[in-house]
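Data block below; observations after.
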Amino acid sequence: MPDIQCLPRHVADLIAAGEVVERPASVAKELLENALDAGATAIVAEVQHGGLTYLRMTDNGCGIAPQQLPTAFLRHATSKLRTAGDLVAIGTLGFRGEALAAISAVSRVDIFTRQTGAQTGASLHLEGGVPGQVEEIGCPEGTTICVRDLFYNTPARMKFMKKDSAEGAAVAGIVQHLALSHPEVSFKLLRDGAEVLHTPGDGQLLSAVYAAMGRDFAMGLQEVRGCGGDVQVSGYVTRPLNGHGTRGRQLFFVNGRFVKSQLLSAALEEAYRNRLLKGKFPGCVLHLTLPEDRVDVNVHPAKTVVKFVSDKTAFDAVYYTVMDALNRAEQPARQEEKPFYRTMTAQEFRQQQKPQPEKPPLGSYTARPAAPARPVHPAEQPALAVRDVAPEPGKAFTAPTARPGVSYHITPPSPAPAAEPQEPAPVREEPPVQETVSLPEQVTLEPPREAPWRIAGEVLRTYIICEDEEENVWLIDKHAAHERVRFDALKAAAEPVMTQTLLEPLAVELPPEDCAAMLEQLPLLERYGFRCEDFGGAVLVREVPGDIDDPAGALEELAEDLRLNRADPDAARDSLLSTMACKSAIKAGMHTDPAELRRLVDRVQSGEIQYCPHGRPVAVKLSKYQVEKMFKRA
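Taking this note's numbering, the leading residue of the sequence shown gets 11, the next gets one more, and so forth.
In structure tokens form, the structure reads like this:
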């Protein structure tokens, strides 16, 4: 066994830095949290090239004493904890005392600080964790830390860094979360010299939401406020009609700390049960405040995961607070109630009643007005046999059976002398005129081919029921089946996708990391019909595929998939195609033509389609034995 020995200080610092400093966003998070713990009310963050070459944080906090500057960069040096008992109730964002030491071990750091009320400040330069001399300098009150050339002495870490746009978006996400967790602090973010975020710091959460997440998201929120046990819940949730395609807009803060919690997300979505469209998720900015000893924040190195002493109390607090707010919003405005019983005269009662239109009795009809008479050509006049009528000579006579408005002039015969009765002359009958009608050519249709299955019908406008020749019953999800058909067609298509240009470009606001992932794949998006461009933290859409009816929802889902699969080009392409197929497929609940259903069943029964692009089964088969067993026949 090799000898056991202590690691050199430099190696130990690099190992510690690997646990704390993962990317430039990790550096920004630690420095911003230190500024907030120092009592800053205004913080400016500046990054260049995603923060890899230059990252500076400036705050107006309490500052650091000159003689304590070298100590601040030692491992486990902190001003936030004193005893082991302090770990039970942590009230600050940072507490381990490893951030500054880890950052300085893998970068070049310059710090300028001046305490409140001091005449001068102090500066210190560190390179690779080795401090220089503390120098007196003139600077504003507060602290400014510049971090340059991150991972310059650990080149193996550089290959894991992403593009500058992705790293810069991650830093923007950190600033956004801290701005929402502390609306009383003004945050400003500059990326490559351009201001991309600036919150007012007026203490109003809605103002911070408006500045950090955009106008469209802020205008679709409603306020919630309540408590359950020792947990107080406040903030904003989206209205049911403003659901989102992903959970990226669900932001939870516990005692001012941004956390990721499946428990809180489940409580939120449970409150929206039967209120949201299928496939949509609620968004929120919710703050939970509870005693510090009722939550443990020291369970994850990134400090984004917390553990509650009572999960049920936290779940119920979020669930009932949100549900009560949604119920109150759905109640109609109360109108002034009128007494049911009141005394009035018959005249007053008649005046209050609105006259109802008289309805014709059952079985009656309203005669239509007669059409105006038109002149009739003599050739069109029918030969009328007038019997038992003796008109006056020289007067016109209107036959009772004649066309309305048409008069016929009848001349009576002159009296003739009586003669012997003769046999009537035979009447010459003319053959009837036969009209010639041109008929279309007769088309011979082949009898339909008998399929080895029979469609019995469709239930819930979602599932097709059919029976095969082996007496099996099939339940087929028409959306999943058509989604797979569309996915295979898009994947095998060689011709370009048909697109439609929007009359007005659509600006889709996305979380910073999702937006960066989307902008990285612009050529891939354009190849499949989405022509997008950067719009200052959002994505501007100018063209979409012709069969996409919800471009914003499709891009929200697509952005999340691209963020998760952007390291693999093939996976990113499949995610794009599956999202397009889902958005253009037949929707559950829609009326579908029987011919379309028959084509889907053909593809399923042939074995060509078994699963949708997301892995869900397309059909379920029930044998005759299983069906009879349900009815106790087997």
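Note that CB positions come from ideal geometry on N, CA and C, so glycine has one too.
From the listed residues V234, A581, N163, the smallest Cα separation to N337 is found for V234. In the displayed model, L136 falls within a strand according to three-state DSSP. By the neighbour-count definition (other C-beta atoms within 10 Å, threshold 16), Y329 is a buried residue. Residue environment for D612: exposed (fewer than 16 other C-beta atoms within 10 angstroms of its C-beta). Counting along the chain, no beta strand (DSSP E) covers L532; the unbroken alpha helix (DSSP H) around it starts and ends at 532 to 537. For F263, the enclosing beta strand (DSSP E) stretches over residues 260 to 264. By the criterion of a C-beta distance shorter than 7 angstroms, N70 is surrounded in its chain by A50, T51, A52, E151, G152, once the five residues flanking it on both sides are discounted.
Pairing Y220 with P250 gives a Cβ-Cβ distance that is not under 8 angstroms.
V332 places its beta carbon less than 8 angstroms from that of L278.
A339 and T248 have their C-alpha atoms roughly 12 angstroms apart.
With a 10 Å radius around the Cβ and a threshold of 16 neighbouring Cβ atoms, I596 comes out buried.
Boundaries of the alpha helix (DSSP H) around Y329: 321 to 340. By a beta-carbon distance limit of 8 angstroms, L572 does not contact S588. Their separation comes to about 12 angstroms. Cβ contact annotation for A591 (same chain, cutoff 7 angstroms, sequence separation greater than five): E493, R496, F497, L500, P623, in chain order. Straight across, the Cα-Cα distance linking I113 with C72 is about 21 angstroms.
Per DSSP, the continuous alpha helix (DSSP H) segment holding G178 begins and ends at 174 to 191. Taking every protein chain shown into account, the CB of I14 has fewer than 16 other CB atoms within 10 angstroms, so this residue is exposed.
The C-alpha of Q272 is placed about 11 angstroms away from the C-alpha of K317. DSSP places R201 in no alpha helix (DSSP H) but in the uninterrupted beta strand (DSSP E) bounded by 196 to 201. The residue from A502, D544, V614, I474 with its alpha-carbon nearest to that of P604 is I474. Nearest neighbour of C476 by Cα position, chosen from L607, A55, E570, turns out to be L607. Under the 10 Å beta carbon count, K39 is surrounded by 16 or more other beta carbons and is classified as buried. Counting along the chain, F122 sits inside the beta strand (DSSP E) bounded by residues 118 to 124. The alpha helix (DSSP H) runs lying completely inside the region 554 to 616 and spanning 4 residues or more are 561 to 575, 579 to 594, 604 to 615, given in chain order.
Contact between G245 and H297 is confirmed by a C-beta separation of about 5 angstroms, below the 8 angstroms threshold. Excluding sequence positions up to five before and after A35, its CB lies within less than 6 angstroms of the CB of A180, V181, I184, all in the same chain and listed in chain order. Between the region 209 to 217 and the region 556 to 569 there are fewer than three C-beta pairs closer than 8 angstroms, too few to call the two in contact. Secondary structure note for E618: it is in no alpha helix (DSSP H), with a DSSP letter that is neither H nor E. Taken through DSSP and simplified to helix, strand or coil, S114 comes out as helix. Taking A75 as reference, the option from G142, L46, G127 with the minimal CA-CA separation is G127. L215 is not a Cβ neighbour of A228, given a cutoff of 8 angstroms. Relative to the Cα of T511, the nearest Cα in the group K313, D559, G203, A222 belongs to D559. Closest in C-alpha terms to G203, from the list R537, C237, M171, Y64, comes Y64. Using a Cβ distance threshold of 8 angstroms, P555 and Y538 count as a contacting pair.
The shortest CA-to-CA distance from K288 to any of H489, V637, V630 is the one to H489. If you look at R257, you'll find it isn't in any beta strand (DSSP E); DSSP assigns it neither H nor E.
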